[in-house]
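Residue numbers (my numbering): 16 to 629.
Cβ atoms here follow ideal geometry from the backbone N, Cα and C, with glycine treated the same way.
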Ligand code: M6R
């Protein structure tokens with residue numbers, strides 16, 4: 016949610032800011048703006064809607080922009096106040112001496128706004144952010160130094176923020192700071208750049224500094240200095256990052272989502288590499304720092320996540336209980352944080368988050384840590400905020416995921432959970448030979464994923480037929496209930512079709528009342544498990560109510576042709592490993608329905624890739 020870019024140097028400031036914002040669009044936004052330090056003035060341009068609208072505006076005012084020496088830019092995902100130009104960032108103080116862009120939420124903005132209004136500050140927007148501009152400006156009046164005024168202002172704030180701030184009186188630098196929201200500084204030669212995330216920086220430099228919570232940085236053209244809010248200076252820790260330019264290119268695909276769906280076999284192959292070297296040997300996960308002795312005695316695990324990561328967590332619970340016999344609970348982070356839970360120092364809490372920035376999941380992890388729990392984070396961004404609270408981190412290594420709809424991170428999370436569940440079982444003394452077949456089959460999964468992808472053309476045709484429905488029901492059982500839930504989530508996120516998932520056995524306890532010829536039922540059918548026959552019976556019940564039936568199945572049983580209107584076949588696979596294959600047709604179905612309906616596949620309305628507010 017929201018993205019920030021700041022730049023100081025001799026290159027084209029407008030280009031760098033807009034290109035940087037372009038790479039952050041995946042975070043979700045509904046307006047954009049820049050502030051340019053030009054001819055000793057701060058010039059601000061904003062536009063509602065797509066970044067292209069801001070670019071078009073900047074094109075029309077080209078003649079008034081001379082030679083900016085620095086600038087800050089922002090894409091906003093509205094939280095306080097509508098998505099309009101007034102509420103778009105950057106925001107200024109009353110005299111416009113201070114200009115600010117912000118990611119996060121200032122929780123005490125109402126009180127601050129009242130106090131500042133009493134002091135004579137004139138507010139223009141409805142945003143929480145604007146208080147920061149006024150506060151810094153007020154402090155500046157007595158302190159006369161931007162960095163110190165920022166520090167003085169920030170200690171009065173409650174909430175989360177990543178900020179870039181410029182002062183009309185200090186043309187040599189941008190001041191930035193953070194607390195509970197990501198911010199990095201890219202170190203170039205004779206230029207420096209600040210951003211919410213790596214994609215906005217990699218075209219300029221691969222040397223970055225991760226700013227920590229409660230640190231403020233003064234970023235000049237050829238130097239950076241950082242200090243804590245307490246005043247203590249912070250030595251610069253410059254990290255060289257591997258440049259993932261492919262990750263932010265569509266590589267010839269129409270959308271990032273389609274590219275990311277196609278990346279899944281190689282991601283899973285890489286994840287398996289080195290993890291299962293010999294199926295007769297136990298799985299090694301050296302990243303798990305918890306001693307094997309302690310792990311052996313673990314009797315309860317709590318899994319916390321949101322959205323797609325929560326669906327992966329539900330499958331994780333199934334695997335941990337099935338393989339290791341350890342009781343596992345799984346819960347949405349937004350529910351966990353507001354109830355009296357039973358986490359204590361004997362708990363192992365597994366937090367799953369693609370972005371590592373999800374506010375609910377981070378709050379849950381902080382709470383669990385305060386209670387003394389051991390925290391294992393499974394993430395695609397090992398450099399993210401959430402890992403600061405982790406005792407161990409498992410990197411799912413899916414590469415930067417740009418499409419708002421999670422796909423490759425999900426199958427990478429699943430694979431990681433398979434490995435972890437087997438690892439836990441083996442540590443707990445379950446005989447390694449119990450897992451020989453599963454390990455052998457895991458090694459064949461990337462090739463089977465490739466096979467599923469070869470049916471893409473067929474799925475595209477089927478998707479077209481399904482795109483006319485307004486409502487769809489997904490059903491699944493056991494390990495594939497979550498596959499059904501993930502299929503439904505994908506469809507509603509990007510096509511805006513109302514799709515709901517139920518345990519197949521629940522259909523007749525209520526949802527069946529919805530069924531008729533306008534409400535298709537989508538199922539997952541994997542033979543070799545009791546759930547297969549039971550789910551077929553549930554499909555029969557739906558057919559009797561005239562519902563069209565669609566199934567994703569690994570069965571070759573000809574009899575299914577009489578029952579189902581649409582059959583999508585996947586390769587033969589055991590029930591326990593099937594979720595990692597069965598989800599791919601659901602991803603493709605959602606993708607092609609959305610594409611057929613002409614929706615914005617990669618940036619669906621109202622959604623943000625990183626949900627940084629609770
Ligand atoms: O980054 P996280 O995995 O913590 O994100 C959690 C959810 O916001 C995310 O999975 C969301 O549901 C996606 N849009 C799913 O496609």
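Can you tell me where the beta strand (DSSP E) with residue i in it begins and where it stops?
i: residue 243; result: 239-243
i: residue 461; result: Note, residue 461: premise wrong, no beta strand (DSSP E); alpha helix (DSSP H) at 451-468.
i: residue 500; result: It is not in any beta strand (DSSP E) - residue 500 instead sits in the alpha helix (DSSP H) that spans 496-510.
i: residue 486; result: 486-491
i: residue 152; result: Run containing residue 152: none in the beta strand (DSSP E); it sits in the alpha helix (DSSP H), 145-158.
i: residue 109; result: Segment: none, residue 109 is in no beta strand (DSSP E) and carries neither H nor E.
i: residue 91; result: 85-91
i: residue 60; result: 56-63
i: residue 235; result: No beta strand (DSSP E) holds residue 235; DSSP gives it neither H nor E.
i: residue 189; result: 185-194
i: residue 566; result: 564-568
Any heavy atom of ligand 1 inside 7 Å of the beta-carbon of residue i?
i: residue 368; result: yes
i: residue 419; result: yes
i: residue 625; result: yes
i: residue 321; result: yes
i: residue 324; result: yes
i: residue 300; result: no
i: residue 373; result: yes
i: residue 73; result: no
i: residue 622; result: yes
i: residue 504; result: yes
i: residue 376; result: yes
Quick check: is any heavy atom of ligand 2 less than 7 Å from the C-beta of residue i?
i: residue 508; result: What this structure holds is ligand 1, not ligand 2.
Let me see if you follow: with CB-CB separation under 8 Å, is residue i close to chain B or not?
i: residue 516; result: Going by chain labels, chain B is absent from the structure shown, which holds only one protein chain.
For residue i and residue j, which I take to be in contact (beta-carbon distance under 8 Å), what is that distance rounded to the nearest angstrom?
i: residue 116; j: residue 88; result: 7 Å
i: residue 297; j: residue 441; result: 4 Å
i: residue 407; j: residue 416; result: Going by Cβ atoms, the distance from residue 407 to residue 416 rounds to 22 Å, so no, they are not a contact pair.
i: residue 384; j: residue 404; result: 5 Å
i: residue 19; j: residue 221; result: So it is not a contact: roughly 20 Å between Cβ atoms.
i: residue 428; j: residue 352; result: Contact flag wrong, Cβ pair sits at about 21 Å.
i: residue 213; j: residue 200; result: Their Cβ separation, rounded to whole angstroms, is 12 Å, which puts residue 213 and residue 200 out of contact at 8 Å.
i: residue 312; j: residue 447; result: The Cβ separation is near 20 Å, so there is no contact.
i: residue 376; j: residue 420; result: That pair is no contact at about 18 Å.
Where does residue i land, buried or exposed, given buried means 16+ other C-beta within 10 angstroms?
i: residue 616; result: buried
i: residue 207; result: buried
i: residue 457; result: buried
i: residue 292; result: exposed
i: residue 250; result: exposed
i: residue 360; result: exposed
i: residue 545; result: exposed
i: residue 74; result: exposed
i: residue 77; result: exposed
i: residue 283; result: buried
i: residue 45; result: buried
i: residue 30; result: exposed
Can you give me the start and stop residues for the alpha helix (DSSP H) that residue i sits inside?
i: residue 554; result: 545-558
i: residue 33; result: 28-39
i: residue 284; result: 279-287
i: residue 596; result: 593-611
i: residue 577; result: 575-578
i: residue 354; result: Per DSSP, residue 354 belongs to no alpha helix (DSSP H) and is neither H nor E.
i: residue 95; result: Segment: none, residue 95 is in no alpha helix (DSSP H) and carries neither H nor E.
i: residue 128; result: 124-133
i: residue 423; result: 423-442
i: residue 68; result: 66-75
i: residue 379; result: 374-385
i: residue 333; result: 322-334
Okay, do the segment 453-472 and the segment 585-592 touch, 3+ Cβ pairs below 8 Å being the bar?
-> Remark: three or more beta-carbon pairs, one from each stretch, lie closer than 8 Å, so the segment 453-472 and the segment 585-592 are flagged as touching.
Meets three-Cβ-pair contact criterion under 8 Å: the segment 93-108 and the segment 70-84 | With a cut-off of 8 Å, the segment 70-84 and the segment 93-108 do not count as touching, because too few Cβ pairs lie within range.
Counting pairs of beta carbons, one from the segment 481-491 and one from the segment 530-545, are three or more of them closer than 8 Å?
-> With a cut-off of 8 Å, the segment 530-545 and the segment 481-491 count as touching, because enough Cβ pairs lie within range.
Does the segment 461-473 touch the segment 504-518, meaning 3 or more C-beta pairs lie closer than 8 Å?
-> With a cut-off of 8 Å on Cβ pairs, the segment 504-518 is not in contact with the segment 461-473, counting fewer than three such pairs.
For the 8 Å Cβ check, are there 3 or more pairs between the segment 222-240 and the segment 188-208?
-> Inter-segment contact for the segment 222-240 and the segment 188-208 is present: three or more beta-carbon pairs are separated by less than 8 Å.
Counting pairs of beta carbons, one from the segment 262-277 and one from the segment 241-251, are three or more of them closer than 8 Å?
-> A contact is defined here as three or more CB-CB pairs under 8 Å, and the segment 262-277 fails this definition with respect to the segment 241-251.
Do three or more CB pairs link the segment 316-328 to the segment 353-373 at distances below 8 Å?
-> Touching, yes, given that three or more Cβ pairs across the two stretches are closer than 8 Å.
Taking contact to mean at least 3 C-beta pairs separated by less than 8 Å, is the segment 329-337 in contact with the segment 302-312?
-> No, the segment 329-337 is not in contact with the segment 302-312.
Taking 8 Å as the threshold, find out whether the segment 63-75 comes into contact with the segment 29-39 through three or more Cβ pairs.
-> Segments in contact, yes.
Counting pairs of Cβ atoms below 8 Å between the segment 178-189 and the segment 125-143, do you hit three or more?
-> Touching, no.
Mind the definition here: the segment 605-624 touches the segment 569-584 only if three or more C-beta pairs lie below 8 Å; say whether that holds.
-> Two segments are said to touch when three or more pairs of C-beta atoms, one from each, lie closer than 8 Å; by this definition the segment 605-624 does not touch the segment 569-584.
Are at least three pairs of beta-carbons, each pair with one atom in the segment 145-163 and one in the segment 53-62, less than 8 Å apart?
-> At 8 Å Cβ cutoff, the stretches do not touch.
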